[in-house]
Each structure stands twice: as C-alpha cells, then as structure tokens.
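Visitor: Numbering (the numbering used here), first residue to last: 878 to 1034.
No residue lacks a Cβ here, since even glycine has one placed at the ideal position from N, Cα and C.
Remember, it's a predicted structure, so these values are computed and weren't measured experimentally.
#1: Leaving out five residues on either side along the sequence, give the residues of the same chain with a beta carbon under 8 angstroms from the beta carbon of residue 1002.
#2: Please state whether the Cβ-Cβ distance between residue 962 and residue 1021 is less than 9 angstroms.
#3: To which residues of the same chain is residue 896 closer than 6 angstroms at the C-beta, ignoring the five residues directly before and after it?
#4: Can you give me the C-alpha to C-alpha distance between residue 908 and residue 943, rounded to a whole angstrom?
#5: May I have the straight-line CA-CA distance separating residue 1018 from residue 967, to the nearest angstrom?
#6: Could you spell out where the alpha helix (DSSP H) holding residue 969 opens and where it closes?
#7: So, are the CB atoms of residue 894 and residue 940 less than 9 angstroms apart?
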C-alpha cells in the first residue's frame, strides 16, 4: 500500500512539474522573442482564427492557449514519468530534451510541410530552441527522478 501511495505521489508531482515547466518555458520563449532570438511569438499559433477586437477576447485567448500549453507539458512530463523516472542520471533528462527537440523541431515540421524546415531558419533560432529543449528536458527529468528517489528513500526507512 505504501509503495502504491508513493508512486501516486510521484505521479502528482510529475503533473506539477509539467505545469511549472510550462511557466518557465513560456517565460523563456517570450524573453527570447523579445530579444529576437526566435522569430515567432509563443502565443501566435492560432491567432489568425481569433477575432482580436476586444481585450476580453484576447485575455481569454491567451488563457486558453496557456492551458493548452500546460496540458501538452503535463503529457510530456507524464511520458518521462512512465518510462524514465527510475533513472538517476541527469543525462537522461538532457537526452529527453534532445529527443523532444528532434521530434518537435525537425520531425513534425517535416511531416506537415514536406520539406526540411530547419534549413530555412536562422541559426540563432535553431541553437536557442535546442538549448531551451535541453533545459526543459533537464528540468523535467531531474525534478521527477529526484523526487522519485527521495520518496523511495523515505518509504524504505
């Protein structure tokens, strides 16, 4: 029973880590957009279909998009929870971030645009997104693995 409860605690903590990672990710994306390291605005994904006439609609749009980002980040942190939470090395989080970068920055645009999209982007944007993905993976991986290790040590004593 105690083992099942500790796994549930780590599961809930993984959801919390996903939400906090979203806040950090969006902060850094807005920061990098402000200083022209990246060419897209983090909240401009579906801005063409939203009517931007009223300030309340815009706030509602940003809030809903933040929730969508948060859900996606929670799903990514739960993927780490399911497969790699028992690994204690921080390098697993870095490899996870590199894998996320390869999937979302190389593979998805290639599948949807049918050309190698990365070749047409500025080098500073590619390097910035790579570093941000590595930091995201490191944060999610290290937080979940560390908490899992501390919970398992506290239940064994």
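Guide: With the given structure in hand:
#1: Non-local beta-carbon contacts of residue 1002 in its own chain, meaning distances under 8 angstroms to residues more than five positions away in sequence, involve 914, 915, 916 in chain order.
#2: The criterion of a C-beta distance shorter than 9 angstroms is satisfied by residue 962 and residue 1021.
#3: Hits under 6 angstroms: 947.
#4: Take the alpha-carbon of residue 908 and the one of residue 943: they are about 16 angstroms apart.
#5: In a straight line, the C-alpha of residue 1018 is about 7 angstroms away from that of residue 967.
#6: Per DSSP, residue 969 belongs to the alpha helix (DSSP H) from 968-978.
#7: No, they are not a contact pair.
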